[in-house]
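*Asks:*
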Amino acid sequence: MTTLKYPTFIPRPKEEYSGFLGTIWSWITTVDHKKIGTLYGITAFIWFLVGGIEALLIRLQLYAPEAKVLSPEVYNQVFTMHGTTMIFLVVMPLSAAFFNWIVPLQLGARDVAFPRLNAFSYWTFLFGGILLNLSWIFGEAPNAGWFAYAPNSSFPYNPGYGVTFWIIGLQALGVASLAAGFNFLATIINLRAPGMTFFKLPVFIWMTAVVNVLIVLAFPIITVALLQLMFDRQFGTNFFNAVQGGDPVMWQHLFWLFGHPEVYILILPAMGIVSEVLPTFSKKPLFGYSFIVFSGIGIGFLGWFVWSHHMFTVGLGPAANSAFAISTMLIAVPTGVKIFNWIATLWGGSIRINSSLLFSVGFIAMFVIGGLSGVTHASPPSDAQQQDTYYVVAHFHYVLFGGAILGLFSGIYFWWPKMTGRILNEKLGVAHFLVTLIGFNVTFFPMHWLGMDGMPRRVFTYPEGMGWDLSNLISTIGAFSIALGTLIFIFNVFFSTRGPKNAGNDPWDARTLEWTISSPPPHYNFAEIPEVKYRDDFWFKKYPELAHGEVSGASASEVNNDDDHHVEMPDLSYYPFFLSLSIVLILGSLLDLSWNGSWYIAGVGILMFVWSLLGWSFEPVNEETSNQKDH
Amino acid sequence: MSLIKKIKQIWINTMFHGTKTYFDLPKNEYDIPNPQHEGPFGSSLSKSISLFKKLTRSGGHGSPAFYLIIGVILSILTYIEFAIFYVESLGVLMVPILIILSLGKFILVVAFFMHLRFDNKLLTYIFFSGFVLAILIFLILMILQAF
Amino acid sequence: MSEVIAAHDEAHHNSTGIDTRKLLMWLFLGSDCLFFGSFIATYLVYRNRSLVGPYPSEILDIPLTTISTFVLLMSSLAMVLALNYTQRDKPVAGRYWTLITACLGAIFLGFQVYEFNHFVNLGLTPKTNMFGTTFFVLTGFHGAHVTFGVLWLLTYAFSCLTTSLKERAILILSIIGFLMIFFAVLMSDWLHVIPHVPFNTVMAIGGAGVLILLISLILLRKTSTPKGIAVSQSMNLELSGLYWHFVDIVWIVIFTIIYLVSAKDVAPIIGM
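Protein chains in written order, with the numbering used here: chain V, 392 to 1022; chain B, 1225 to 1371; chain C, 2 to 273.
#1: Grouping DSSP H, G and I as helix and E and B as strand, with all else coil, what is V:Thr429?
#2: So, for B:Thr1348: in the same chain, excluding its five sequence neighbours on each side, which residues have a beta-carbon less than 7 Å away from its beta-carbon?
#3: Quick one: give me the first and last residue of the alpha helix (DSSP H) that V:Thr767 is part of.
#4: With C-beta atoms as the reference, is V:Phe573 less than 8 Å away from C:Leu220?
#5: If you count every other CB in all the chains shown that lies within 10 Å of the CB of V:Gly876, and 16 or more means buried, which is it?
#6: Using a C-beta cutoff of 8 Å, does V:His839 count as contacting chain B?
#7: Alpha carbon to alpha carbon, what distance is there between V:Leu620 and B:Glu1305?
#8: In whole angstroms, what separates the C-alpha of C:Thr70 from that of V:Gly586?
#9: Which parts of the region 533-578 of chain V are runs of the beta strand (DSSP E), unbroken and 3 residues or longer, counting only runs that do not cross its ends?
#10: Is V:Arg743 buried or exposed, if buried means 16 or more other CB atoms sit within 10 Å of its CB?
#11: Using a Cβ-Cβ cutoff of less than 6 Å, which residues in the same chain neighbour C:Val203 once the five nearest sequence positions on both sides are dropped?
#12: What did DSSP end up calling C:Thr163 once you bin it into helix, strand or coil?
#13: Along the chain, where does the alpha helix (DSSP H) that runs through C:Val121 open and close?
#14: Looking only at DSSP bridge pairs, what is V:Thr780 linked to?
#15: Please state whether DSSP places C:Phe184 in a helix, a strand or coil.
#16: For V:Lys933, count neighbouring C-beta atoms within 10 Å of its own C-beta (all shown protein chains included) and say buried if the count is 16 or more, exposed if not.
#17: Is the region 605-621 of chain V close to the region 54-72 of chain C, with three or more CB pairs under 8 Å?
#18: Please confirm whether C:Leu1 has its beta-carbon closer than 8 Å to some beta-carbon of chain V.
#19: What whole-angstrom Cβ distance do V:Thr555 and V:Leu982 have, given they're in contact under 8 Å?
#20: Please identify, using Cβ separations under 7 Å, the residues of the region 112-135 of chain C that lie next to chain V, in order along the chain.
#21: Does the CB of V:Val950 have a neighbour CB from chain B at under 8 Å?
#22: Note down the Cα distance separating V:Ser985 from V:Gly551, rounded to an integer number of angstroms.
#23: In terms of residues, what are the limits of the alpha helix (DSSP H) holding V:Lys932?
#24: For V:Ala366, which residues from the same chain have a beta carbon less than 7 Å from its beta carbon, with the 5 sequence-adjacent residues on both sides left out?
#25: Comparing alpha-carbon positions, which option in V:Val728, V:Gly689, V:Ser741 and V:Lys729 lies nearest V:Ser718?
#26: In chain C, which residues lie less than 7 Å from B:Gly1354 when you measure between Cβ atoms?
#27: With V:Leu984 as the anchor, note down where its alpha helix (DSSP H) starts and where it stops.
#28: Please tell me whether V:Gly691 has its Cβ less than 8 Å away from any Cβ of chain B.
#29: Exposed or buried, V:Gly650, counting other C-beta atoms within 10 Å across all chains shown (16 or more means buried)?
#30: Would V:Val422 and V:Arg507 qualify as a contact pair, given that the criterion is a beta-carbon distance under 8 Å?
#31: Using three-state DSSP, classify C:Val254 as helix, strand or coil.
#32: List, in chain order, every chain V residue whose beta-carbon is nearer than 8 Å to that of B:Gln1369.
#33: Of all Cβ atoms in chain B, is any one closer than 8 Å to the Cβ of V:Ser713?
#34: Could you check whether the Cβ of V:Trp1002 sits closer than 8 Å to any Cβ belonging to chain B?
#35: Strictly below 8 Å CB to CB, what residues from chain B border V:Trp647?
#36: Rounded to whole angstroms, what's the CA-CA distance from V:Ser964 to V:Thr515? Just pull it up for me.
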């Protein structure tokens, strides 16, 4: 063989080990998209609990005027970390969990295009999140808000470790998201089942594609912005230093150039999930498939040209403000198209109400409220009133919690049987939904009034007699109801794992390819790669009389699921783990350059980086067969 | 006699594909049209793509001589840029001319050295969606920051 | 066994006919456009905003940079030739052109090292003014990309274009020879990058480097690689080539925008 024999130091695991350490080692070295999806989901849910506790601390501090639960310094850290955690460590990776689990299954593929890169994404996300949260140990968590506006985050005004932790943590998370983005795009473009053209893809895949295009194009910008901020802080450059002619507004521009596409990165996966759930439970095809797809693409495109609406009060001038007001109002159109399509999907369908559908419908309702309040601050004069008040907080919680999180919960209830073979308890699910929905509205609806009444966001307390007391108290009570709802969900998960695996292949009478195989799927997913003829192909295989032409091929019952197939899957690999570790070590060493230990950490990181990058490159996908084949 | 023959042989070996002429590009796998049910847009665009391929004689990779010619053109363009820099009388015209010249170099490298001209069109769409988007949003950014 | 292979081929089923790794590379390059776009946009926004000197007109050296641009362009030409020969199963020519590519890239980096050093000597550091900040960070990240590309090419040459231990040793020898010349030039009196080296030492290192490089290059003219191996590995070279050309086109843009367009910038008439 021509390739170099590379010294590996650690023997490559060929099959999964048993025992406690062996199990951990097999999870560390896994390249299976389903196991990585599970890891993503569990990790993101743990961060969800952490971010939720931070939210509860915020609400406790604000429950009454002049409360003294948190000091002002700690309060700044808590709200910054709440925002950063929820966006980068919860909603994005929870979406990534669904991408990992569902995309290859819906495409009819055996794995993502680059399984080891996929593992690398997960481990970098995990280590990046840990790095970001290590700041709590130093007692100096990031405290400049999730957007870290420049003069406030520059070294002279914020000399602690906090913002540096934020920068290096986000760099690691950016690397993870970029790697995952390239991977999923390559998967969607190249690993579709035969016959599955782009316009036969399930809508969830379409939304995944749009999200990953946004990730791939938006994250380089934040990478550059973070690099510039880091150079300013660590090496004394002048990017945002007004004394030397730098411009802090430039940070805002670069941040929101990334930040606005990021908003759609957060919401579009939930939209994709809802577009899968609604047709299934109303037994109708999705109303206006191409409208939904093209409005998704339209949102993804227009999302690039609205970023300055976050900066209406910066003083960009009337011309710029008007232009961005128009583009912002324009983006409500494709979103509205989707809402109407979802409603039309439900209209006249034979609807089966269960927790997954309830969460989806809740998503639509809450997202409409959030979208409407969003349109109100598309207008600059109105935004000047609302900027930095609780009205904005209410708006983005309606779209991010009422939108993204409810949509993701809908997906959890929908695909849980496919992932585990067990259906989540329906009564507990409905209870979870009701408590969460009511608690959510109790928490965030009063914030509209608070904001209109002038209560600014990010203040750690407020004086008595402003008329804000009652609304804040109600809001705090609501926050604890959401916590109760989450506890019901956790109980539901543990309760359901005790039940039998009785979900079957297709518990919901659903439409897409993942339901043709057993639950949970075998490690190779499809014994035979399916041929696709129609959009919602599985549905027409089950009900051929509904198809427009004649249907050939296997019906659902004939799908072959013998475990006897010799399907070759990529071998396990530990290099992704060490490559991620090395990147995070190198980033971590940038924390404090004046400390000598940093150089040792960086040295170890670089050595590990070179070793694992080379090892990764020279490692064949499969050990045994690499000699027999010429690739 | 044999020396001339040998030189001729070396010339042919380094400059030609086999015994073909400079611009006869070899057939390769990308010439075969995508299957009807696959490809980026299903069968909808396949006819126009095949027409386009016919019109532009798209083939595989160029011959070394072809790349040498591109390299010479690139060098000449660089020299013109360098020379224009010292022409004071151009005034405000200098910047647009320089940008057009560098765009020409950019396209030559991307189209021929990076084989986009010979490859699947999907790759061109991917690359230029990033490139065009970068130009659009950063132009807007610069306009915003200019005031 | 046939069933195994059939299943394996299905796993490598491919919807568009594009090699998936190449697709990934292009996605990465499309994304990298935004990376360099952000830096270049930052540079342009901050152009003419330096409050103190040195200003670009006092410091940029257009003829020198034209030469380094030419070097990088020629490295792109060498790269495409390397790929062309490798794909046509001419591993020796492919190997020479790959080494020439890496070598020209290293020479470009040498120009950059000289330029940075020269600018610092003239009083322009990343901390000095807005020009220094934006210039050093942008060209520095470009240089980092070139460095990675050189290392990638050398790794490729080492692992895929040489097969026997002997060839690899010779390859390493040629790299050592090149590095000796490289550092000898940097040490020389007229560049001032590595100062205070006696002339005789420089000549000795440089001469030995030339000798080692020549001998090893001559020894590399024959290969024991069987037919077809280089072709089967050529996708790796194609990927590194795509990366290399991309770095080249970024430099085309940087050369125009930072050097040619703004080399006449003097102190702004009105401060910010």
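No residue lacks a Cβ here, since even glycine has one placed at the ideal position from N, Cα and C. None of the values given here were measured: they were computed from a predicted structure.
*Replies:* Working from what's here:
#1: helix
#2: Leu1340
#3: Ser746 to Thr767
#4: no
#5: buried
#6: no
#7: 34 Å
#8: 47 Å
#9: none
#10: exposed
#11: Ala185, Met188 and Ser189
#12: coil
#13: Pro92 to Asn122
#14: V:Pro847
#15: helix
#16: buried
#17: no
#18: Any question about residue 1 of chain C goes unanswered here, given that chain C covers just 2 to 273.
#19: 5 Å
#20: Pro127, Lys128, Asn130, Met131 and Thr134
#21: Because the pLDDT at V:Val950 is just 48, under 50, the model does not fix this residue reliably, and the value given afterwards should be weighed accordingly. Not one chain B Cβ lies under 8 Å of V:Val950.
#22: 13 Å
#23: Asp928 to Lys933
#24: This structure gives no information on residue 366 of chain V, because the portion of chain V shown stretches from 392 to 1022.
#25: V:Gly689
#26: Gly31, Ser32, Cys34 and Leu35
#27: No alpha helix (DSSP H) holds V:Leu984; DSSP gives it neither H nor E.
#28: no
#29: buried
#30: yes
#31: Residue state, collapsed to three classes: helix.
#32: Asp638, Val640, Met641 and His644
#33: no
#34: no
#35: Neighbours of V:Trp647 on chain B: none; closest Cβ ~10 Å, over 8 Å.
#36: 15 Å
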